Ligand code: UD1
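Written out as structure tokens, the structure is:
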């Protein structure tokens, strides 16, 4: 019987926790545990969009992801340069490997570039985390989502709103499958290790008595005025409650350029970007998460940790309607933090199919859609 060949693509930090459960499921399938056919061969391609030890390698180590079979090593650049580098090098991968499916996740430049290559070559694409929309085309990720979903053959969605978005865009209903949130598979798999990671002790923090802050969106960190005002806001908040603030490389670069780096003290704990286990531990134990990350909005929702998202919109509306998330902005951040600290805060509920079994459904859908 024909053996199905998958090429699974990951490029940037938020991709790694989405591919780990899929590989685990493929290994289970290979050892006969799923009872499904045909057998599957999977290659891992890392585009190299993220390359620092703490933006990439640490996730492979902590999540037990195999070494990439191929690393395209594209590195950083403008959107056009980075996308173009992935296009030319991934086209060669498809020519050499002739996969039956390419599986892409999320909404980063690597996701869109690899999908575009496949569409031109007639290689089928499955997109995990399809259908999310912020309706804000100033976000590079929104462009990536729209292009990827327009071209992919199998759209694997995390929540009902994503299905609605895709159908509204005229995507054929039979291509769209609700599978749930694959990131929660990783979360549940790794929670015991996150809890025993010693992260709170390392920072000298007590559960429920700190704010976990992450910032990296261009709209928040690339302009001097906004970034300066955000740092002033954090400094004010830290007078009430300690803040732990791991700094993304983009943010570090801008803080250095504008000379806005906050002073390290016992109220504002700065660090390099954290690994997966430490970040989960902080998200579970924080009094509040303040972030502009997509993934952290979801993790906070899962943990029922109050989350303030520093963005005018979110492509993950279930975190607002069902979860513990609220959008905020520069001017209202302080009031919103005080509001949460005054309590009570709607802790919300975990959305349907955020149950740790998404990878199982993903693999079943791919096998079912294969001729
Ligand atoms: C990318 C994704 C974003 C995701 C984020 C998570 C796109 C369009 N954006 O944004 O959706 O939320 O990753 O981190 O794909 N850099 C390093 N080391 C690295 C990687 C980057 O120093 O390992 C620096 C470089 O100066 C680079 C900058 O960070 O220019 C930005 O990296 P890039 O991949 O372009 O975008 P992110 O802001 O990380």
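In this note's numbering, the protein residues as written are 353 to 723. Virtual Cβ for every residue (Gly too), placed ideally from N, Cα, C. A quick note: this is a predicted structure, and the numbers were derived from the prediction, not measured.
Considering only residues of the same chain and omitting the five flanking positions on each side of residue 503, which have a CB-CB separation below 8 Å? 467, 468, 470, 471 and 477
Residues near residue 629 by beta carbon distance below 8 Å, same chain, minus five either side: 414, 542, 545, 546, 549 and 551
Do you know whose CA, among 524, 455 and 461, lies nearest residue 432's CA? 461
Per-residue burial, residue 366 [other beta carbons within 10 Å of its own, 16 or more giving buried]: buried
Can you confirm whether the region 587-606 touches the region 551-566 when touching is taken to mean that 3 or more C-beta pairs between the two stretches lie within less than 8 Å? yes
Just to confirm, is the Cβ distance from residue 639 to residue 560 under 8 Å? yes
Answer yes or no: do residue 586 and residue 573 have a C-beta to C-beta separation smaller than 8 Å? no
Just verifying my parser: in three-state terms, what is the DSSP assignment at residue 431? helix
Would the beta-carbon of residue 627 fall within 8 Å of that of residue 475? no
What's the gap between the Cα of residue 671 and the Cα of residue 620? 27 Å
Residue burial classification, residue 370 (beta-carbon count within 10 angstroms, cutoff 16): buried
CB of residue 461 to nearest heavy atom of the ligand UD1: below 7 Å? yes
Put residue 475 into one of helix, strand or coil per three-state DSSP. coil
Does residue 671 come out as helix, strand or coil in the three-state DSSP assignment? helix
Taking only three categories from DSSP, how would you classify residue 450? Three-state DSSP puts residue 450 in coil, outside helix and strand.
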